[in-house]
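Structure first, commentary second.
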């Protein structure tokens, strides 16, 4: 799952992943919302370096050591968008050839997504699959299991409820 699905362009996947991360951070770490845009800019400029700094492998700057969840939410949010792109690529094709990007926007209840059609929600099984994938990705990135689980719940909750 390292490749973006062809149905979701890189810029759209980045934007959708960031929006999903923003929704999740608003739920589980609202104090980080004040620096979310700056954190996202830093993350997208150097994803590996930003995550490495957050794991404590190197100082964040000025000797200040802050442990932010937002960079991990951005990484896992992007992963979840890729996962959703793969999960729903066939479904989106069946829905009057709707692009996957617009379909994910509808799931997130974002501008640019038309009104959701009946049944355009994650099923319980799909929610579980997204949750499991998100937790595994968080752990792969170095998050403790409890933090990865919290982030997984926040991401799936954001998909189920929206903003």
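Residue numbers (the working numbering): 2 to 164. The beta-carbon is built from N, C-alpha and C at its ideal position, and this holds for glycine as well.
Cβ neighbour criterion (16 or more within 10 Å) applied to residue i
{"i": "residue 35", "result": "exposed"}
{"i": "residue 14", "result": "buried"}
{"i": "residue 125", "result": "exposed"}
{"i": "residue 129", "result": "exposed"}
{"i": "residue 54", "result": "buried"}
Contacts around residue i, its chain only, beta-carbon distance under 8 angstroms, and the 5 residues preceding and following it disregarded
{"i": "residue 109", "result": "17, 20, 21, 24, 159, 160, 163 and 164"}
{"i": "residue 123", "result": "108, 131, 157, 160 and 161"}
{"i": "residue 146", "result": "136 and 140"}
{"i": "residue 151", "result": "29"}
Cβ shell of residue i (< 7 angstroms), same chain only, five flanking positions each side left out
{"i": "residue 27", "result": "34"}
{"i": "residue 37", "result": "23, 26 and 71"}
{"i": "residue 111", "result": "20"}
Option in the options with minimal Cα separation from residue i
{"i": "residue 81", "options": "151, 131, 73 and 30", "result": "131"}
{"i": "residue 153", "options": "73, 103, 52 and 54", "result": "73"}
{"i": "residue 75", "options": "12, 11, 104 and 48", "result": "48"}
{"i": "residue 39", "options": "69, 12, 11 and 56", "result": "69"}
{"i": "residue 11", "options": "41, 146, 102 and 56", "result": "102"}
Cβ distance (whole Å) where residue i is taken to contact residue j below 8 angstroms
{"i": "residue 134", "j": "residue 84", "result": "5 angstroms"}
{"i": "residue 156", "j": "residue 78", "result": "6 angstroms"}
Cutoff 8 angstroms: residue i Cβ touching any chain C Cβ
{"i": "residue 128", "result": "Structure shown: chain C not included; a single protein chain is present."}
Between the CA atoms of residue j and residue i - distance to the nearest angstrom
{"i": "residue 140", "j": "residue 30", "result": "18 angstroms"}
{"i": "residue 52", "j": "residue 32", "result": "19 angstroms"}
{"i": "residue 149", "j": "residue 45", "result": "20 angstroms"}
{"i": "residue 142", "j": "residue 71", "result": "13 angstroms"}
{"i": "residue 43", "j": "residue 136", "result": "23 angstroms"}
{"i": "residue 106", "j": "residue 138", "result": "22 angstroms"}
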